[in-house]
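In what follows, a single structure is set out as structure tokens and then discussed.
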Amino acid sequence: MALTAGPRPPNSVAAMATAEILTQSGTLELPEALPLDCGQSLPGTQIAYETYGTLDAARGNAVMICHATTGDQHVASTNPRTGKAGWWQRMVGPGLPIDTNRMFVICANVLGGCLGSTGPASPGPDGAPWAMRFPVITIRDMVRAHVALLDHLGIDRLAAVVGGSMGGMQALSLAANWPGRVDKVLAIACTAAMPAQNIAFQEVGRQAIMADPDWQQGAYYGTGKAPDAGLSVARMAAHITYLSEASMHEKFGRRLQNRDAKAFGFDADFQVESYLRHQGVTFTTRFDANSYLYITRAMSYFDLVEEKFGDPGAGLLADVFTGTQSRFCVVSFDSDWLYPTPESRKIAHALNAAGAPVSFMELSAPFGHDSFLLDVPALDRVIAGFLG
Amino acid sequence: MPGLRPDLAVIADHVAPGSRVLDIGCGDGTLMAALRDRRGCDARGMEIDPANVAECVARGLSVIQGDADSDLAFYPPQSLDYAILSQTLQTTMRPDKVLEELLRIGRRAFVSFPNFAHWRVRASLLWTGQMPVTRLLPVAWYETPNIHHLTIRDFREFVAARGIIVEQAWYLAGDRVFSGTLANWRAEHAVFLLRR
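Same order as they appear, the protein sequences are chains A and B. Quick note: the first sequence uses this note's numbering, first residue 1, plus one each step. Quick note: the second sequence uses this note's numbering, first residue 389, plus one each step.
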């Protein structure tokens, strides 16, 4: 199942060695087509990735971080498109819980993404953008691309794989489908099978994009128009699910935006409206609408039992992990209603039933699903402690 | 075993090396770490307080945040050599059901609890007419986690009525194990090793 790209230098490498953190950016082009769960193979697959720190002589200190839905490989380096700090800069670096003084950290843009890895905006075999001709991908396909990258880097066994949200799904998929390739698995705020409520929210987002006339059945590349309005609405809806009622109330309440009274119109009267509109518009400057369709589709399709046995009814979640050699840590947050604690508990109990060493905890944090990205010192301690 | 709370030391000294153990209400993982490091056990834990779970994870232990009253149901039958419940029985909602679960998932179970019939507790209740606050039961009635106080005699009658076999019992007073004479008067703590 794993593709072998063979150890060879990355196609393009830009080294940014600073006193504090050694960062390398690269893009790997797979020499062979990448087989996909849908039955097709993807030719010319490119995987954009970054590494931090130094791989030790035994190649035993590699930690792969898997990013969430709209994340990217810039886990601890400035994002060139937004100019903002890396999305997990608070967690990854010298002396931080994922310590780049000791660990060799790898983070790759997912297959289907739009920050350098092959996705619907990438050129297809005829040179024109894939658009909706891009095959529908799965979480396991994303992981298959990660495994090809690990092969390329000459890493047979990861010290750990770490991921939150969609990243957690990839971590679980790696452990389940490539047993023996990872020692420690840390899955944060995720699920082993996408719940109906989450599929529903994602469908709202996809429909918003596809209802935008500028979407043009996905063939908007080069037309000078893009479904920004639709993508913006999709992001607004999704963003609500990442927060908690309490954090929204705390941040915005019913306060008005730059005005003393309601305008009796449909401008953004409320701060929360203004904030969401800003989030939506900003998102369109950094993300491709078709990528959003494909990546959320992969998440909606995600069911670990189905991945492993071909049918969601073909086994128990515990069976997925039978004989695993990995150690697991599963973390949820009490204010996360998108991937609520029972989803994580299910994973923990299944791993326990499979006899796998597993820890599970629900941390208290006010920020909803986004808690894994924000200032939650308890999570820092758990990650540092688990990775050791 | 030195360095452990006395009732934990009794348990640690009598767990067979290399066995598979679940410590329910494992706290910060002290017993688990001792069983792992000194007896070579595959020790897992369950703990209700997330701060304690995080502490255990930092010690390299595998602990599930969960509640003895509800979460033992997820463990397969006879999947453990020992289920350990130390100083936790009296804090559960349904001690009877928890005990049944212990012996469903474990071939043997260690259970330790404070003895409410210790003479100091009896004397306190008799002379002051108030719920006792002692060295081992230091919390006032309204905030104590101990919601099901029991005595050694209660426990013996309970297990006998259910056909549970007591393989061994240890009685502690002043942090020392003693012979067991007049245990229900003299013991502050009891540790039982049970099987079906």
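Ideal Cβ positions, reconstructed from N, Cα and C, are used throughout, including at glycine.
Query	Result
Interface flag, Leu373 (chain A) vs chain B, CB-CB below 8 Å	no
Nearest-angstrom Cα separation, counted from Ala108 (chain A) out to Gly26 (chain A)	9 Å
Exposure label - Lys225 (chain A); buried when at least 16 CB within 10 Å	exposed
Partner residues on chain B for Gly388 (chain A), Cβ-Cβ distance less than 7 Å	Gly448
For Pro43 (chain A) and Pro125 (chain A), believed in contact at Cβ under 8 Å, the rounded distance	6 Å
Neighbouring residues, chain B, relative to Val382 (chain A) (Cβ below 7 Å)	Ala442, Val445
Proximity to Ala200 (chain A) [Cα-Cα], best of A:Ser300, A:Gln257, A:Met91, A:Ile137	A:Ser300
Three or more C-beta pairs below 8 Å linking the segment 124-142 of chain A and the segment 290-304 of chain A	yes
Min CB distance Phe321 (chain A) to chain B below 8 Å	no
Minimum Cβ-Cβ distance from Ile452 (chain B) to chain A less than 8 Å	yes
Neighbour flag for Asn290 (chain A) against chain B, beta carbons, 8 Å	no
Test item: CB-CB of Val358 (chain A) and Phe328 (chain A) under 8 Å	yes
Contact with chain B by Val358 (chain A), beta-carbon distance below 8 Å	yes
CB contact check: Cys190 (chain A) to chain B, cutoff 8 Å	no
Buried or exposed (CB count within 10 angstroms, at least 16 for buried), Cys444 (chain B)	buried
Any chain B beta carbon closer than 8 Å to Asn352 (chain A)	yes
Beta-carbon proximity list for Thr324 (chain A), same chain, < 7 Å, skipping 5 on both sides	Ala175, Pro179, Ala354, Ala356
Minimum C-alpha distance to Gly112 (chain A) - residue among A:Ile98, A:Tyr294, A:Phe104	A:Tyr294
Check whether Ala431 (chain B) and Asp455 (chain B) have beta carbons under 8 Å apart	no
Contacting positions in the segment 462-487 of chain B - beta carbon closer than 7 Å to chain A	Phe462, Tyr463, Pro464
DSSP three-state assignment for Leu570 (chain B), whether helix, strand or coil	coil
Proximal residues, the segment 49-72 of chain A versus chain B, C-beta separation under 7 Å	none
Option in A:Thr118, A:Thr45, A:Met166, A:Glu29 with minimal Cα separation from Cys66 (chain A)	A:Met166
Rounded Cβ spacing between Ala578 (chain B) and Ile535 (chain B) (contact assumed at less than 8 Å)	Going by Cβ atoms, the distance from Ala578 (chain B) to Ile535 (chain B) rounds to 18 Å, so no, they are not a contact pair.
Beta carbon proximity, Pro526 (chain B) to chain A, threshold 8 Å	no
Arg381 (chain A), enclosing alpha helix (DSSP H) - first and last residue	377-387
Chain-order list of residues whose beta-carbon lies under 6 Å from that of Pro438 (chain B) (same chain, five-residue window excluded)	Gln453
From B:Ala561, B:Arg583, B:Glu545, residue whose alpha carbon lies closest to that of His506 (chain B)	B:Ala561
Opposing strand residues paired with Ala187 (chain A) [DSSP bridges]	A:Gly163, A:Val330
Bridge-paired residues (DSSP) for Pro80 (chain A)	DSSP output for Pro80 (chain A) lists no bridge partner at all.
Rounded straight-line distance, which links the Cα of Ser344 (chain A) to that of Leu276 (chain A)	28 Å
Three-pair Cβ contact test at 8 Å for the segment 182-193 of chain A versus the segment 146-166 of chain A	yes
Beta carbon proximity, Gly164 (chain A) to chain B, threshold 8 Å	no
Beta carbon proximity, Asp99 (chain A) to chain B, threshold 8 Å	no
CB contact flag (Pro227 (chain A), Tyr220 (chain A), <8 Å)	yes
Length of the line joining the Cα atoms of Thr70 (chain A) and Thr284 (chain A)	11 Å
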